[in-house]
Amino acid sequence: MKKFFFTLALVLMASASFAAVTSGGNGEEPKEEATSNYPTDQALAGLAVAALQQQCGNQHTGWQWQTNVTTISACFAGGFIKQVFVYATPNCPPNQPCIQVIQLVGTVQFGCDGDVLSVNCGFTEI
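All residue numbers for the sequence shown refer to this note's numbering, where the first residue is 6 and numbers rise by one.
And the structure:
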């Protein structure tokens, strides 16, 4: 019985030390390394705003841009098909009343390699 508990304790300590080594010792999950040159979500958000300004015009001058990047599917050869929703909110001065309106400017879809597939102004296709 002592051998069983000793072996169990040894296995638990080994697995705990392995988990600490693979997570970098900080208690976080290990991050996947990028295997392709696919743009980050932040880069896609910037590309989406630029594509919408070019395609739909720039009628939201002085507004703040908000983005939401969603993954639609993974690609067989690497990368993802992603859709970026772009919203505009008024840029309100501090300590003054301001109506907070959120307006959908449009959506942009990106293909497996990060190129723009489609730009939709002011609405989404469901």
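Glycine included, C-beta positions come from ideal geometry on N, C-alpha and C.
Cα separation between residue i and residue j?
i: T72; j: Q114; result: 13 angstroms
i: A79; j: P98; result: 42 angstroms
i: L122; j: Q69; result: 25 angstroms
i: I86; j: Y43; result: 10 angstroms
i: G83; j: N100; result: 48 angstroms
i: Q88; j: V54; result: 12 angstroms
i: D46; j: L52; result: 10 angstroms
i: V124; j: Y92; result: 14 angstroms
i: F81; j: G116; result: 12 angstroms
i: G119; j: Q105; result: 32 angstroms
Since I believe residue j is in contact with residue i (beta carbons under 8 angstroms), could you give me their beta-carbon distance rounded to a whole number of angstroms?
i: L109; j: V74; result: 15 angstroms between Cβ atoms; not a contact.
i: T94; j: I107; result: 5 angstroms
i: C103; j: Q60; result: Contact flag wrong, Cβ pair sits at about 28 angstroms.
Comparing C-alpha positions only, which one of the options sits nearest to residue i?
i: T66; options: Q105, N96 and G127; result: N96
i: N63; options: D46, D118 and G111; result: G111
i: L57; options: F90, Q105, T45 and F81; result: F90
What are the partner residues of residue i, as DSSP defines its beta bridges?
i: N63; result: According to DSSP, N63 bridges with nothing at all.
i: Q47; result: Per DSSP, none; premise fails for Q47.
i: F90; result: N73 and T112
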